[in-house]
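Structure first, then comments.
In the working numbering, the protein residues as written are 691 to 852.
Structural data, given as C-alpha cells:
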C-alpha cells in the first residue's frame, strides 16, 4: 500500500531483450490479476501484440496457470502461413497437452526457439520471454474479432476464472 492507502501495482515484468518496445506490465491490484491493455486476446487464451505489422503471440497468464508447469512447446517453422485461429503448435504441461491457436492470419517470421530448452519460460514470463511466435499479420481487420483486456477479463469472470 502506498501512504494514501491505495494498492501499489507490482511490476512482474518490464522490457525484455527480445521485445525492446514491449509495454508488458502485469499488475496485481486488490487480488485481481490485470491483463496487459496493449494486447488482444482469444477465447482459447492466446494473446497477440501487434507492432509495425507484426504480431507477437503467446498464451495468457490464465492459460499458463491452468496448465501448470510447462514441460514442452512445439512451434511451427518460419515461413509457415496460418489462418486466423488455425492450430500452430502444442504446449505440454504436467497436467495436459493443449493446442495453440494463431490469433491472426499471417506468415510465421520467427519462432521462440529458446522455449525448446527452456519451456518453463512460458510459466515464468508468459508476456515477455515466454512468447511463442512472431507473425507478419496478413489482415489487420481480423484483430477486431479479438477481445481487449477488459473484455477478456469479463470473459474469464463469466467462465469462472480470473
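We put the CB at the ideal spot given by N, CA and C, even for glycine.
Beta-bridge partners of residue 806, as assigned by DSSP:
Here residue 806 corresponds to residue number 116 of the chain shown, with the count starting at 1. Residue 806 is not bridged to any residue.
Where residue 835 falls, given that 16 or more other Cβ within 10 Å makes a residue buried
Walking along the chain shown from the start, residue 835 turns up at place 145. When all chains shown are included, residue 835 counts as exposed.
Determine the contact status of residue 741 and residue 768, defining contact as a CB-CB distance below 8 Å.
Residue mapping note: residue 741 aligns to position 51 of the chain shown, counting from 1. Residue mapping note: residue 768 aligns to position 78 of the chain shown, counting from 1. No, these two residues do not count as a Cβ contact at 8 Å.
Flag this pair as touching only if the segment 770-787 and the segment 840-849 have three or more C-beta atom pairs under 8 Å; answer yes or no.
no
Return the residue from the list 761, 797, 765, 770 that minimises the CA-CA distance to residue 783.
Looking up residue 783 in the chain shown gives position 93. Comparing Cα-Cα distances from residue 783 to each of 761, 797, 765, 770, the minimum goes to 761.
Could you tell me the distance, in whole angstroms, from the CA atom of residue 795 to the CA atom of residue 837?
Translated into positions along the chain shown, residue 795 becomes position 105. Translated into positions along the chain shown, residue 837 becomes position 147. Residue 795 and residue 837: Cα-Cα distance of roughly 16 Å.
Coarse secondary structure for residue 755, derived from DSSP in three states:
Looking up residue 755 in the chain shown gives position 65. If DSSP states are grouped into helix, strand and coil, residue 755 belongs with the helices.
Quick one, are the C-beta atoms of residue 743 and residue 822 less than 8 Å apart?
Taking the chain shown and counting its residues from 1, one reaches residue 743 at position 53. Taking the chain shown and counting its residues from 1, one reaches residue 822 at position 132. Cβ distance not < 8 Å, so residue 743 and residue 822 don't count as in contact.
Starting from residue 840, trace the alpha helix (DSSP H) both ways and give me its first and last residue.
Translated into positions along the chain shown, residue 840 becomes position 150. 839-849 is the extent of the alpha helix (DSSP H) around residue 840.
For residue 789, the residue or residues it bridges with in DSSP:
Reading the chain shown from its first residue, position 99 is the one you call residue 789. DSSP output for residue 789 lists 780 as bridge partner(s).
How would you call residue 766, buried or exposed, if buried means at least 16 neighbouring beta carbons within 10 angstroms?
Numbered from its first residue, the chain shown carries residue 766 at position 76. The residue in question, residue 766, is buried, as its Cβ has 16 or more Cβ neighbours within 10 Å.
Quick one: give me the first and last residue of the alpha helix (DSSP H) that residue 729 is part of.
For the purposes of this step, residue 729 is taken as the residue at position 39 of the chain shown. Element bounds for residue 729: n/a, residue is neither H nor E.
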